[in-house]
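Participant:
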Ligand code: SAH
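Numbering (my numbering), first residue to last: 6 to 392.
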């Protein structure tokens, strides 16, 4: 292997601290082609490890391993094996979950989700894009998957100079896959659904929310209805709100599929509807807030915080005393402490006394890599309004 990259002292320190991303400004010399695995050297030519090289991204190197190693088929097989073994240990109560969570499985920029007998993957850098022809047969061998779909439509691929495309890489992948999560079944569209089809990162939080259901439930930002469907058995009535007409159609279809007759979905803007419900004097025994990432970057942070504050304030106002609020933020730029502060301010303004019943995060099949804050993005607090 001839490809090499030499780091600045600051780059070397980043490797020591375990962060897999080395930015362009910390890379002195590179002799490599786009997507190569390069040997990474320190300022005095000591071998620090091996990384994916990108000639386009600001993230020039993505570390694969520290120290001496041989990066061959056996290396990739071992990495995939380890990721899969961890999921077997978790034994998710579902047929749809994440098998490979990129950096947090030491497979940077590779996402692999399982939906029943099919896999949906994303190769989000030049490195994993080039490796796909090797990785896909390995994944098929290790999982027995009948089909593998590449959902390579995320915009981040443009930063790597890669095109946005969706294509079958193995077998055949249907337009709709039937999956189970706890006692609920969903029909998932792996070709067009959000992310790879479902918000798998909320799987455990949806199951947890079922334990706080009761009376009248409001599920805000419900997408295909997961929270509401999980909470329906414990409730008299569930109202699911989403701004997307397609989502509302899917929620209704999923409710029918699960013989849930108490769930009613409405196509509305949650911001308007919460105001409307408050004016009406409506009261709910449990409310879920699972909005899209309001802060897509640092510049939009203040506006995002105002958005989170508003929906949490209004939700607390229409929540019954003794009721539960399941409130989430999937913005990486809003960290746990900041989100906690926003929710606290909403409690102050609504003059509610609120306890924290659970502090949750993304499901365990989406692990957080210690020292890499970018891998901790989803916060989910379960709160109780005491008075
Ligand atoms: N809770 C869902 C995931 C929610 S994703 C689950 O567990 O699967 C966020 C959803 O919010 C998307 O479906 C999107 O259509 C919807 N959305 C975005 N902005 C909205 C708004 N202002 N009002 C209502 N829904 C909105």
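The C-beta atom is built at its ideal place from N, Cα and C for all residues, glycine as well.
Is the CB-CB distance between residue 165 and residue 62 below 8 Å?
Facilitator: The answer is yes: Cβ separation under 8 Å.
Participant: Buried or exposed for residue 235, going by 16 or more other Cβ atoms inside 10 Å?
Facilitator: Buried, because 16 or more other Cβ atoms sit within 10 Å of the Cβ of residue 235.
Participant: Determine the burial state of residue 214: buried for a count of at least 16 other Cβ atoms within 10 Å of its Cβ, exposed for fewer.
Facilitator: By the neighbour-count rule (16 or more Cβ atoms within 10 Å), residue 214 is buried.
Participant: Measure the alpha-carbon distance for residue 125 versus residue 244 and round it to whole angstroms.
Facilitator: If I take the Cα positions, the gap works out to 31 Å.
Participant: With DSSP run on the structure shown, which of helix, strand or coil describes residue 365?
Facilitator: If DSSP states are grouped into helix, strand and coil, residue 365 belongs with the strands.
Participant: Let me know if residue 375 comes out buried or exposed under the rule of 16 or more other beta-carbons within 10 Å of its beta-carbon.
Facilitator: The residue is exposed, with fewer than 16 neighbouring Cβ atoms inside 10 Å.
Participant: For residue 176 and residue 153, which I take to be in contact (beta-carbon distance under 8 Å), what is that distance rounded to the nearest angstrom?
Facilitator: Their Cβ separation, rounded to whole angstroms, is 7 Å, which keeps residue 176 and residue 153 in contact under 8 Å.
Participant: Quick check on the burial criterion: 16 or more other C-beta atoms within 10 angstroms. Buried or exposed for residue 109?
Facilitator: Buried, by the Cβ-count rule.
Participant: Less than 7 Å separating the Cβ of residue 349 from some heavy atom of ligand 1?
Facilitator: Checking the Cβ of residue 349 against ligand 1 gives no.
Participant: Can you tell which of 353, 335, 343 has its C-alpha closest to the C-alpha of residue 382?
Facilitator: The option with the nearest alpha carbon to residue 382 is 335.
Participant: Which class does residue 275 belong to by DSSP, given the choice of helix, strand or coil?
Facilitator: If DSSP states are grouped into helix, strand and coil, residue 275 belongs with the helices.
Participant: Could you name the residues, in chain order, whose CB is less than 5 Å away from a heavy atom belonging to ligand 1?
Facilitator: Going along the chain, the residues that qualify are 204, 207, 226, 228, 231, 247, 248, 249, 252, 274, 275, 295, 297.
Participant: Which one of 290, 318, 339 has the shortest CA to CA distance from residue 301?
Facilitator: Among 290, 318, 339, the Cα nearest to that of residue 301 is on 339.
Participant: In three-state terms, what does DSSP make of residue 199?
Facilitator: Of the three classes helix, strand and coil, the one that applies to residue 199 here is coil, per DSSP.
Participant: Check each candidate in 80, 30, 360, 89 and name the one with the smallest Cα separation from residue 106.
Facilitator: The shortest Cα separation from residue 106 among 80, 30, 360, 89 belongs to 89.
Participant: Between residue 73 and residue 23, what straight-line distance do the alpha-carbon atoms span, to the nearest angstrom?
Facilitator: Those two C-alpha atoms are separated by around 15 Å.
Participant: Please state whether DSSP places residue 305 in a helix, a strand or coil.
Facilitator: Of the three classes helix, strand and coil, the one that applies to residue 305 here is helix, per DSSP.
Participant: Indicate whether the contact test is met: 3 or more Cβ pairs, each with one atom in the region 265–276 and one in the region 338–354, closer than 8 Å.
Facilitator: They do not touch, by the three-pair rule.
Participant: I'd like to know if the region 216–229 and the region 283–303 are in contact, where contact means that at least 3 CB-CB pairs between them fall below 8 Å.
Facilitator: Short answer: they touch.
Participant: Give the range of the alpha helix (DSSP H) segment to which residue 135 is assigned.
Facilitator: First-last of the alpha helix (DSSP H) with residue 135: 131–148.
Participant: Excluding the five sequence neighbours on either side, which residues of its own chain have a C-beta within less than 6 Å of the C-beta of residue 170, listed in chain order?
Facilitator: Counting only Cβ-Cβ distances below 6 Å, and skipping sequence neighbours, we find 157.
Participant: How many angstroms separate the CA atom of residue 31 from the CA atom of residue 10?
Facilitator: When rounded, the distance between both Cα atoms is 10 Å.
Participant: Based on DSSP bridge pairs, tell me the residues matched to residue 118.
Facilitator: Partner(s): 103, 125.
Participant: Quick check for students: name the residue ranges of the beta strand (DSSP E) that lie wholly in the region 54–87, counting only runs of 3 or more.
Facilitator: DSSP runs (the beta strand (DSSP E)) wholly in the region 54–87: 64–71.
Participant: Nearest to residue 52 by CA position, among 39, 75, 64, 38, is which residue?
Facilitator: Looking at the Cα atoms, 75 is the closest of the given residues.
Participant: In terms of residue numbering, what span does the alpha helix (DSSP H) encompassing residue 204 cover?
Facilitator: Segment: none, residue 204 is in no alpha helix (DSSP H) and carries neither H nor E.
Participant: Regarding residue 79 and ligand 2, is the C-beta to nearest heavy atom distance less than 7 Å?
Facilitator: Among the ligands in the structure shown, ligand 2 does not appear; only ligand 1 can be found there.
Participant: Identify whether residue 10 lies in helix, strand or coil by the three-state DSSP scheme.
Facilitator: Reduced to three states, the DSSP call for residue 10 is strand.
Participant: Tell me the DSSP bridge mates of residue 183?
Facilitator: The partner list for residue 183 (beta bridge, DSSP) reads 192.
Participant: Please report the residue range of the alpha helix (DSSP H) in which residue 263 lies.
Facilitator: Here residue 263 belongs to no alpha helix (DSSP H), and DSSP marks it neither H nor E.
Participant: Note down, one range per segment and in chain order, each beta strand (DSSP E) of at least 3 residues found wholly within the region 311–336.
Facilitator: Runs found: 324–334.
Participant: In the DSSP assignment, the alpha helix (DSSP H) including residue 354 goes from what residue to what residue?
Facilitator: Unbroken alpha helix (DSSP H) run through residue 354: 341–354.
Participant: Indicate whether residue 57 and residue 35 have their beta-carbon atoms separated by less than 8 Å.
Facilitator: Cβ atoms of residue 57 and residue 35: not closer than 8 Å.
Participant: By how many angstroms is the C-alpha of residue 203 removed from the C-alpha of residue 211?
Facilitator: Approximately 12 Å between the Cα atoms of the pair.
Participant: Assuming contact is defined by CB atoms lying nearer than 8 Å, are residue 333 and residue 364 in contact in what I supplied?
Facilitator: It is not a contact, given that the beta carbons lie outside the stated cut-off.
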